Amino acid sequence: MRFLFATALLVALAAALGSIPTGMKKALTTNNVPKGYLSSVSLVGTFPMSVLQADQRFFSIPKLPLLVDIHGIGRTTTRYLNDHQLPSFARKHGCAILTPVFPAGIEGPNDIGSFKEMYSDFFRSDLVLLSILGEVGYRWPAIDIDKVYLMGYSAGGQFAHRFLYLHPDRLAAVSIGAPGSVTFLDDLQSWPDGISDFKSIFGTDVDMGKVKEVPIQLVVGNRDRVLHGNPAYWRWLERMLGDEVQEPREVNRLDTVKSLHESWDALGIKAELEIIRGVGHNESNADIYDTMTGFWQATSRNITKIEDRRRVWEYVCGDHGGERQIRYGTLRPTLATPIVTIDDI
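Counting with mature numbering (1 follows the signal peptide of the UniProt record, and there is no 0), you get residues -18 to -1, 1 to 327 for the letters of the sequence shown.
Okay, here's the thing in structure tokens:
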């Protein structure tokens, strides 16, 4: 029995999360719709909304861990569409996977990466993610949204480590892959290079104690040394866009990640540094993927038993040995909608 589900792109500004997320007061969920009516209300099938069928009788089972994968500038869907990567990983390890897509063009026609810096004149991407998590938890009560496993590569790595500073209490672990620029915990530099104005922007301080409690992984290829654009390109871009252009990066990703690791270590923040031999900047590289998802396996091993996770979702009619068989879900994108699907098999 196979169901495909789609998750619509969330672009609205996030609001403070309560027991019922904003705009969801009358939402139909797997908690309030009888099993026999799920198809009638479009909670099963292929639809542009967040849906998942779960049997209320099994909500006492430990909640399903949630792995959140943040895209890069290119918003590539390779590892979500490739059944041998994230969908296969979710089936094997018994987890749900959330792959939000942050829109381009928020800050203007040339904006493709404002989401990675968390703060702009128009929205805060960290709050957007929290809003998405609130809706996920409300629609699917058996998914654990309180502490999630976060991973991101390139611009996704920028998002991931800044989200760590802002919301360490929401992270079970974080894997940060090859960010092109990083935020150091430096009181002398302003955001996003440092944190001198962190409180004035975000209304809070970095909770160093909680940051230190989060398992952290840094991943980069040993050949990830190429800078984006040559001097002529940056001069041309400055003539075209003026003040919109950020200063060109002068340090390659490998050295950037090493510097971040050293700065964290000096502050007592422990992180595993994984330098992958023979790899440049390539989010589709199998070694990069295996290293980042492998960190999830290592850090989640003691959370809940895999066999318990695999019993959470979607029971299949018919008894086997006197016990109802349960199957679980994966979230992934589909070519039909450029966002996310959930694939229950």
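C-beta atoms are modelled at their ideal positions from N, C-alpha and C, and glycine is treated no differently. Note that the structure is a prediction, hence the values are computed from the model and not measured.
- By the neighbour-count definition (other C-beta atoms within 10 Å, threshold 16), K7 is an exposed residue.
- By the 16-neighbour rule on beta-carbons within 10 angstroms, H263 is buried.
- Unbroken alpha helix (DSSP H) runs of no fewer than 4 residues, entirely contained in the stretch 129 to 186, are found at 137 to 148, 180 to 184, following chain order.
- Boundaries of the alpha helix (DSSP H) around V118: 107 to 121.
- The C-beta separation of P161 from V193 comes to about 16 Å, leaving the pair out of contact by the 8 Å criterion.
- Of the residues E256, R259, F105, L80, the one whose Cα lies closest to the Cα of G90 is F105.
- When secondary structure is reduced to three states using DSSP, V193 falls in the helix class.
- For the alpha helix (DSSP H) assignment, the uninterrupted runs of no fewer than 4 residues enclosed by the stretch 206 to 271 are, from N- to C-terminal side, 213 to 223, 235 to 248.
- With a minimum length of 4 residues, the unbroken runs of alpha helix (DSSP H) contained wholly in the stretch 60 to 106 fall at 60 to 63, 68 to 75.
- Around E232, the same chain offers L209 as residues with beta carbons nearer than 8 Å, after the five sequence neighbours per side are excluded.
- Of all alpha-carbon atoms in D126, A72, Q67, T281, the one lying nearest the alpha-carbon of K45 is that of D126.
- Under the three-state reduction of DSSP, G276 is assigned to helix.
- In the same chain as G134, and ignoring 5 residues on each side of it, the C-beta atoms closer than 6 Å to its own belong to I52, F141, A142, in chain order.
- Per the Cβ contact rule, the stretch 211 to 221 is not in contact with the stretch 240 to 251 (fewer than 3 Cβ pairs under 8 Å).
- Going by DSSP, G203 is part of the beta strand (DSSP E) stretching over 198 to 203.
- Residue burial is scored here from C-beta neighbours: K181 has fewer than 16 other C-beta atoms within 10 angstroms and is therefore classed as exposed.
- Rounded to the nearest angstrom, the Cβ distance from W278 to A155 is 7 Å, consistent with a contact under 8 Å.
- E265 counts as buried, since at least 16 other C-beta atoms from the protein chains shown sit within 10 angstroms of its C-beta.
- When beta bridges are read from the DSSP output, D51 appears opposite M133.
- Check the Cα spacing between I198 and each of G211, L153, S172: the tightest is with L153.
- Ranked by Cα distance from D169, the first of P3, L200, D187, I79 is D187.
- Cβ atoms of I158 and G95 stay farther apart than 8 Å, at about 16 Å.
- Between A78 and A86 the beta-carbon gap is near 26 Å, outside 8 Å, which marks them as no contact.
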